[in-house]
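Visitor:
In our numbering, the protein residues as written are 499 to 846.
1) Would you check if the region 698–710 and the region 741–749 touch, i.e. whether three or more CB-CB distances between them fall below 8 Å?
2) Closest to residue 540 by CA distance: which of 834, 519, 681 and 556 is it?
3) Is there at least one non-hydrogen atom of the ligand MG closer than 7 Å to the beta-carbon of residue 762?
4) If we ignore side chains and look at the alpha-carbon of each, how far apart do residue 534 and residue 550 end up?
5) Taking the alpha carbon of residue 760 as the point to measure from, which residue in 613, 666 and 706 has its own alpha carbon closest?
6) Could you spell out the range, first to last residue, of the alpha helix (DSSP H) harbouring residue 524?
7) May I ask you to report which of helix, strand or coil DSSP gives residue 533?
8) Would residue 567 be called buried (16 or more neighbouring beta carbons within 10 Å of its own) or exposed?
9) At the level of alpha carbons, what is the spacing between residue 780 and residue 656?
10) With a Cβ-Cβ cutoff of 8 Å, do residue 758 and residue 650 count as a contact?
11) For residue 640 and residue 806, what's the separation of their Cα atoms in angstroms?
12) Determine the direct distance from the alpha carbon of residue 683 to that of residue 739, and round the result to whole angstroms.
13) Can you give the Cα-Cα distance for residue 573 and residue 543, rounded to whole angstroms?
14) Would you kindly work out how many angstroms separate the C-alpha atoms of residue 606 and residue 557, rounded to a whole number?
15) With C-beta atoms as the reference, is residue 618 less than 8 Å away from residue 808?
16) Report yes if the C-beta distance between residue 503 and residue 552 is below 8 Å; otherwise report no.
17) With burial defined as no fewer than 16 other Cβ atoms inside 10 Å of the residue's Cβ, what is the status of residue 506: buried or exposed?
18) If you compare alpha carbons, which of 797, 676 and 783 is closest to residue 642?
19) Taking the alpha-carbon positions, what's the residue 787 to residue 629 distance?
20) Smallest Cα separation from residue 675: which of 509, 811 and 753?
21) Can the beta-carbon of residue 790 be found less than 8 Å from the beta-carbon of residue 672?
22) Do residue 526 and residue 532 come within 8 Å of each other at the CB atom, strictly closer than that value?
23) Alpha carbon to alpha carbon, how far is residue 731 from residue 723? Give it in angstroms, no decimals.
24) Mark residue 545 as exposed unless 16 or more other C-beta atoms lie within 10 angstroms of its C-beta, in which case mark it buried.
25) Around the C-beta of residue 521, are 16 or more other C-beta atoms found within 10 angstroms, so that it is buried, or is it exposed?
26) Report the option in 604, 637 and 703 whose CA atom is closest to the CA atom of residue 817.
27) Within 10 angstroms of its Cβ, does residue 856 collect 16 or more other Cβ (buried), or is it exposed?
28) Out of curiosity, what's the CA-to-CA distance linking residue 678 and residue 745?
29) Buried or exposed for residue 510, going by 16 or more other Cβ atoms inside 10 Å?
30) Please report the distance separating the alpha-carbon of residue 668 from that of residue 645.
31) Quick check: the Cα distance between residue 555 and residue 515, rounded to an integer number of angstroms?
32) What do you get for residue 569, buried or exposed, if any count of 16 or more other CB atoms within 10 angstroms of its CB means buried?
Below you can see the structure in the form of structure tokens.
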């Protein structure tokens with residue numbers, strides 16, 4: 499009888515211990531983990547001891563409650579059936595737990611895959627944002643370069659403008675001096691005209707005196723006529739000079755007025771054109787370029803972080819898939835074990 503109990507305990511220990519070792523050390527048997535021999539031996543010893551103890555307790559209970567003695571084989575069979583029924587209940591519990599783990603792992607896998615998809619979408623959007631920021635940065639850089647070139651040309655224009663304004667002032671001063679010289683020439687022409695009139699009058703008086711002198715004054719009369727002609731000619735030339743100088747004076751006056759207006763306009767335009775506004779625009783463009791650079795850098799950083807998160811979530815999804823596959827294998831093993839236990843119970 500004792501040999502039968504130990505024999506059945508060994509059978510149960512081999513069956514149940516093997517299943518428990520397969521479940522507990524699945525990664526060691528079919529994966530890269532190390533196999534723990536002590537843990538495996540304890541796993542076989544526990545069902546063996548439980549089977550022996552439970553069989554003896556059951557045997558004592560049966561012997562106490564039995565009216566007629568039974569053969570040892572029947573008592574051992576009863577104990578074996580009870581032990582197998584208990585083992586089947588534990589296997590069913592393990593199968594139920596494996597099913598729960600499988601269901602939870604499937605949910606976690608679905609969630610992880612959803613997070614991975616969303617992470618890829620966010621990464622794609624961040625890439626588009628980074629591209630737009632890069633294009634904006636290039637455009638702003640181009641605008642900044644064009645503005646610097648325009649500012650340089652404006653500076654050169656302002657230098658030439660200042661020189662032109664200085665030339666206008668010098669021209670006005672020269673025209674004013676020329677007008678003064680024209681006035682002096684007009685005065686000289688007026689003096690010549692007055693002198694011509696006086697010379698003409700003296701020539702007339704000389705002619706009268708020569709006529710009174712008769713034959714003696716005839717030569718003097720000829721000279722007086724020549725002087726009179728020269729005086730008339732000088733008077734006519736002086737009048738022409740006066741007329742010409744009047745026209746030149748009018749022209750120089752108008753030219754001086756135009757030069758004055760030109761100089762005033764140049765000064766006014768120079769005052770209205772300020773470098774401060776150009777500098778303010780340059781500062782604004784620099785700020786916009788800096789902001790675009792910051793947006794581009796932040797987008798690149800966000801892309802890198804999202805890629806890291808996607809890798810972690812992807813690893814989580816792979817772990818969840820491995821848990822689903824492992825729990826499914828445990829469920830299959832539990833179903834197979836339940837079938838084997840049912841056959842053993844029927845056979846006993």
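Virtual Cβ for every residue (Gly too), placed ideally from N, Cα, C.
Guide: Based on what the coordinates show:
1) no
2) Locating residue 540 in the chain shown gives position 42, counting from the first residue. Minimum Cα distance to residue 540 is reached at 519.
3) Looking for the ligand MG in the displayed structure turns up nothing, as the structure carries no ligands at all.
4) The count along the chain shown starts at 1 and reaches residue 534 at position 36. The count along the chain shown starts at 1 and reaches residue 550 at position 52. Their backbone Cα atoms lie some 25 Å apart in a straight line.
5) On the chain shown, residue 760 is found 262 positions in, with the first residue counted as 1. The candidate whose alpha carbon is nearest that of residue 760 is 666.
6) Residue mapping note: residue 524 aligns to position 26 of the chain shown, counting from 1. Unbroken alpha helix (DSSP H) run through residue 524: 524–528.
7) Along the chain shown, read from residue 1 onward, the residue named residue 533 stands at position 35. Of the three classes helix, strand and coil, the one that applies to residue 533 here is coil, per DSSP.
8) Residue 567 sits at position 69 when you count from the first residue of the chain shown. In this prediction, residue 567 scores a pLDDT of 43, lower than 50, which makes its location untrustworthy; the coordinate-derived value is nonetheless stated afterwards. Exposed, by the Cβ-count rule.
9) For the purposes of this step, residue 780 is taken as the residue at position 282 of the chain shown. For the purposes of this step, residue 656 is taken as the residue at position 158 of the chain shown. Their Cα atoms are separated by approximately 18 Å.
10) For the purposes of this step, residue 758 is taken as the residue at position 260 of the chain shown. For the purposes of this step, residue 650 is taken as the residue at position 152 of the chain shown. Not a contact, by the Cβ cut-off of 8 Å.
11) Indexing the chain shown from 1 puts residue 640 at position 142. Indexing the chain shown from 1 puts residue 806 at position 308. So the alpha carbons of these two residues sit roughly 34 Å apart.
12) Taking the first residue of the chain shown as 1, we reach residue 739 at position 241. Taking the first residue of the chain shown as 1, we reach residue 683 at position 185. Their backbone Cα atoms lie some 9 Å apart in a straight line.
13) Along the chain shown, one-based indexing puts residue 573 at 75. Along the chain shown, one-based indexing puts residue 543 at 45. In this prediction, residue 573 has a pLDDT of 49, which is less than 50 and means its spatial position is unreliable; nothing more can be read from the coordinates.
14) Position 108 of the chain shown, counted from the first residue, corresponds to residue 606. Position 59 of the chain shown, counted from the first residue, corresponds to residue 557. Computed Cα separation, rounded: 48 Å.
15) On the chain shown, position 120 is the one that residue 618 refers to. On the chain shown, position 310 is the one that residue 808 refers to. Going by C-beta atoms, residue 618 is nearer than 8 Å to residue 808.
16) To locate residue 503, count along the chain shown from 1; it is residue 5. To locate residue 552, count along the chain shown from 1; it is residue 54. No, they are not a contact pair.
17) Locating residue 506 in the chain shown gives position 8, counting from the first residue. Classification for residue 506: buried.
18) Position 144 of the chain shown, counting from 1, holds the residue named residue 642. Comparing Cα positions, the closest option is 783.
19) Indexing the chain shown from 1 puts residue 787 at position 289. Indexing the chain shown from 1 puts residue 629 at position 131. Cα to Cα, residue 787 sits roughly 15 Å from residue 629.
20) The residue labelled residue 675 in the question sits at position 177 within the chain shown. Among 509, 811 and 753, the Cα nearest to that of residue 675 belongs to 753.
21) If you number the chain shown from 1, residue 790 lands on position 292. If you number the chain shown from 1, residue 672 lands on position 174. Going by C-beta atoms, residue 790 is not nearer than 8 Å to residue 672.
22) Translated into positions along the chain shown, residue 532 becomes position 34. Translated into positions along the chain shown, residue 526 becomes position 28. Yes, the Cβ-Cβ distance between residue 532 and residue 526 is below 8 Å.
23) In the chain shown, residue 723 corresponds to position 225, counting from 1. In the chain shown, residue 731 corresponds to position 233, counting from 1. Approximately 12 Å, taken between the alpha carbons.
24) As a working note, residue 545 is residue 47 in the chain shown. Its Cβ being crowded by 16 or more others within 10 Å, residue 545 is buried.
25) Working through the chain shown from its first residue, we reach residue 521 at position 23. That one is buried.
26) As a first step, residue 817 is located in the chain shown; it is residue number 319 there, counting from the start. Ranking 604, 637 and 703 by Cα distance to residue 817 puts 604 first.
27) Residue 856 is absent from the structure shown; the chain starts at 499 and stops at 846.
28) Translated into positions along the chain shown, residue 678 becomes position 180. Translated into positions along the chain shown, residue 745 becomes position 247. Those two C-alpha atoms are separated by around 14 Å.
29) Walking along the chain shown from the start, residue 510 turns up at place 12. So residue 510 counts as buried.
30) On the chain shown, position 170 is the one that residue 668 refers to. On the chain shown, position 147 is the one that residue 645 refers to. Residue 668 and residue 645: Cα-Cα distance of roughly 34 Å.
31) Locating residue 555 in the chain shown gives position 57, where the first residue counts as 1. Locating residue 515 in the chain shown gives position 17, where the first residue counts as 1. Between residue 555 and residue 515, the C-alpha separation is close to 21 Å.
32) On the chain shown, residue 569 is found 71 positions in, with the first residue counted as 1. Unreliable placement is indicated for residue 569, whose pLDDT of 43 sits below 50; the coordinate value is still reported in the next sentence. The residue in question, residue 569, is exposed, as its Cβ has fewer than 16 Cβ neighbours within 10 Å.
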